[in-house]
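Q:
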Amino acid sequence: MSLFQVNVRDALNHAMDEELERDERVFLLGEEVAQYDGAYKVSRGLWKKYGDKRIIDTPITEVKTNTL
């Protein structure tokens with residue numbers, strides 16, 4: 005048995021890639037996950053590989069509420 009080290013970011017990227025490849029119903033939705041590859045580059049390369057329909061950037065939204 006051969007062991008190797010992998011960091012969490014690359015392990016997550018590999019897992020998401022495997023699931024996107026395996027099932028066409030799987031998609032990734034979040035802030036800056038597509039064109040910018042995610043804040044920590046977790047989704048690196050997935051947008052280029054799977055396109056706009058499955059790797060979807062969402063807007064940053066914040067709601068200000070007044071609580072009295």
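Counting from 1, position 42 in the sequence shown corresponds to residue 46 in my numbering; the numbering is continuous, with no gaps.
No residue lacks a Cβ here, since even glycine has one placed at the ideal position from N, Cα and C.
For the region 14 to 29 against the region 44 to 61, are there 3 or more C-beta pairs whose distance is under 8 angstroms?
A: Enough Cβ pairs lie closer than 8 angstroms, so yes.
Q: Taking its Cβ as the centre, do 16 or more other Cβ atoms sit within 10 Å of Ile-59, making it buried, or is it exposed?
A: Start at 1 with the first residue of the sequence shown, and residue 59 comes out as number 55. Buried is the call here.
Q: Return the bridge partner residues of Ile-64 from the DSSP annotation.
A: Stepping through the sequence shown from its first residue, residue 64 is reached at position 60. Ile-64 pairs with nothing; no bridge assigned.
Q: Mind checking Ala-43: buried by the 16 CB within 10 Å criterion, or exposed?
A: By 1-based counting over the sequence shown, the position of residue 43 is 39. It is exposed - the Cβ of Ala-43 has fewer than 16 other Cβ atoms within 10 Å.
Q: Around the Cβ of Val-37, are there at least 16 other Cβ atoms within 10 angstroms (buried) or fewer (exposed)?
A: Along the sequence shown, read from residue 1 onward, the residue named residue 37 stands at position 33. Burial call: buried.
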